[in-house]
Amino acid sequence: MKFLIHSTVSVLVFVMDVLYQNRPYQRFWFLETIARVPYFAYLSVLHLYETLGFWRKADWLKVHFAES
Numbered sequence: 000m001k002f003l004i005h006s007t008v009s010v011l012v013f014v015m016d017v018l019y020q021n022r023p024y025q026r027f028w029f030l031e032t033i034a035r036v037p038y039f040a041y042l043s044v045l046h047l048y049e050t051l052g053f054w055r056k057a058d059w060l061k062v063h064f065a066e067s
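According to numbering that gives the first Met the number 0, the sequence shown is numbered sequentially starting from 0.
Structural data, given as structure tokens:
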């Protein structure tokens, strides 16, 4: 499993190196966009839980505000 993960990451890094060769700003923008995706998904699910009323049953929203 470790080999598979390492291989996948190596291939992705190689592809990014080829695509963004001599273009550091575009590479930075791409990486920043990818880095925002998990946080945006996390907030979206929290807001969905709040809208559906599930947040009252658990402390997810309190955890979110404690993290921020």
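Beta carbons are placed, not taken as given, at the ideal position from N, Cα and C, and that holds for glycine.
Values in this document were obtained by computation on a predicted structure and should not be read as measured data.
- Per DSSP, Y19 lies in no alpha helix (DSSP H) segment and is marked neither H nor E.
- DSSP places F39 inside the alpha helix (DSSP H), whose first and last residues are 23–51.
- Between M15 and R26, the beta carbon gap of about 7 angstroms places them in contact (Cβ cut-off 8 angstroms).
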